[in-house]
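Worksheet: the structure to be examined is printed underneath.
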Amino acid sequence: MICVFHKWDGCKCTKCGKLRDEQHNWDLCKGKCVKCGKTCDVQHRWNNGCKCIDCGKERDEQHSWNFCKGECSICGKSCNINHKWDGCKCKKCGATRDENHEWDLCKVKCVKCGKKGNAQHNWNGLICSRCESIMTQKDIDKITDLTILADMLIKTEDIKPNPNYRDWCDTDKKNKSNSIAFTVMKRINDHDQNILANVAIKAKRMFIQDKAVEMLNDQEILSDVVRKSTHFGVIFDAIEKLTDQTVQQTILTDVSNNKKLCGYTRRNAAEKLKDRILARDVLYEIFNDCAKEVGEQIIHDTEDTELLNMIIKGTPKLHVVKTEHHKYDHRTGEYLGTDGFSTKQIDLRDVARRKLIELQGK
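No gaps in the numbering here: position 96 of the sequence shown is 118 in the numbering used here, and each next residue is one more.
Structure below.
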């Protein structure tokens, strides 16, 4: 068939089949035109890789290595480069392995790969020492040994400071832990007050100390708490609950004479003694035994002129007072900062003299 007007499809007429040397449809990988068969130089399209995107032919260059799998992700050629492990997870490809996990032992899973484990909270009393979770009532109910419960109360510390909260700690968490502790103390108190007394003596948290003493009512146990405790609040809360005044006064005498206790505790015990002659002698002994701050407090609080005379006639009790000096602009009153320090030595006997003169002038 002879065409007057060819109908070209690239390099070939669709009517008569005539060829022309233009607009070829090259298969560059096979090196020829797919319509007319004309040959040309082979020109693969590698696309900056190791495999021709037209025909699939491979070359040993410009591989796309997956270093973790140790092979080219395009052609599959192997190599000897391995994972770069950060614990159980590869930093390069994100692959995981079942070793070197970084456990969150409280959430019971690996923080890197999410694998679940069998570890649990590290309880320090009622609070986990790692995440500060609080033991639930359900967990508490599983424990039947009261001495174990008491030991947990003793070990329970205050919630750690958190600067993100206005009152410096998580109040909700603190209240929740106090509520659980109170429930445990009631349970112990219903069965054995001796165990609860041990909690009052040894507990670290003040709330637990106070509530334990508040629940106690056995007079012998309360007396024992006073003798064994070193906490000011526990001692005096227990003393206040002693109904036998003779026993109470005996205990107060023991406390005021106990040199292992701090001076303020001894002073407060002596102040409660009804035998004022005994109280005077004990306070004078405390004045001589303890730091100057306790001595100043004894002088400040007493109205016993005989005690003041004993102090005045006694040995010197000296201490150094350090005073900071401030500068001001006398015209404007503006504060200009500090102007150094000065020190002077004070004898508490002089403080006692001034207090005696004050009492005599009333």
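Backbone N, C-alpha and C define an ideal beta-carbon position, used for all residues, glycine too.
- Taking all protein chains in view, the Cβ of valine 133 is surrounded by fewer than 16 other Cβ atoms within 10 Å, so the residue is classified as exposed.
- Looking at the DSSP output, glycine 359 shares a beta bridge with Lys349.
- Pairing glycine 116 with isoleucine 96 gives a Cβ-Cβ distance that is not under 8 Å.
- With respect to the 8 Å criterion, histidine 46 and cysteine 38 are not classified as neighbours on the basis of their beta carbons.
- Aspartate 194 and isoleucine 156 have their C-alpha atoms roughly 11 Å apart.
- In this structure isoleucine 257 is buried. Its beta-carbon is surrounded by 16 or more other beta-carbon atoms within 10 angstroms.
- Cβ atoms of asparagine 216 and isoleucine 243 come within 8 Å of each other, at about 6 Å.
- Valine 235 and lysine 344 have their alpha carbons spaced roughly 41 Å apart.
- Around the beta carbon of threonine 324, a 10 Å sphere encloses 16 or more other beta carbons of the protein chains shown; the residue is thus reported as buried.
- In the three-state scheme derived from DSSP, where H, G and I count as helix and E and B as strand, aspartate 167 is classed as coil.
- When the beta-carbon positions are compared, isoleucine 334 and arginine 375 come within less than 8 Å of each other.
- Relative to lysine 250, the option among Leu283, Gly53, Phe229, Thr268 whose CA is nearest is Leu283.
- Note that the C-beta distance between tryptophan 87 and cysteine 94 is below 8 Å.
- Secondary structure at glutamate 93: strand, using DSSP grouped into helix, strand and coil.
- Looking at Phe89, Val304, Thr118, Cys58, the one whose alpha-carbon comes closest to that of lysine 137 is Thr118.
- DSSP places serine 251 outside both helix and strand once states are collapsed to three, so it counts as coil.
- For histidine 322, the uninterrupted alpha helix (DSSP H) run begins and ends at 314 to 323, by DSSP.
- With at least 16 other beta carbons inside 10 angstroms of its own, methionine 207 counts as buried.
- With respect to the C-alpha of phenylalanine 254, the residue from Asp240, Met237, Arg289 having the closest C-alpha is Arg289.
- Taking every protein chain shown into account, the CB of serine 245 has 16 or more other CB atoms within 10 angstroms, so this residue is buried.
- It is roughly 24 Å from the alpha-carbon of arginine 81 to the alpha-carbon of valine 56.
- Taking one beta carbon from each stretch, the segment 361 to 370 and the segment 313 to 321 have 3 or more pairs nearer than 8 Å; the two touch.
- A direct Cα-to-Cα measurement between lysine 281 and asparagine 239 gives close to 27 Å.
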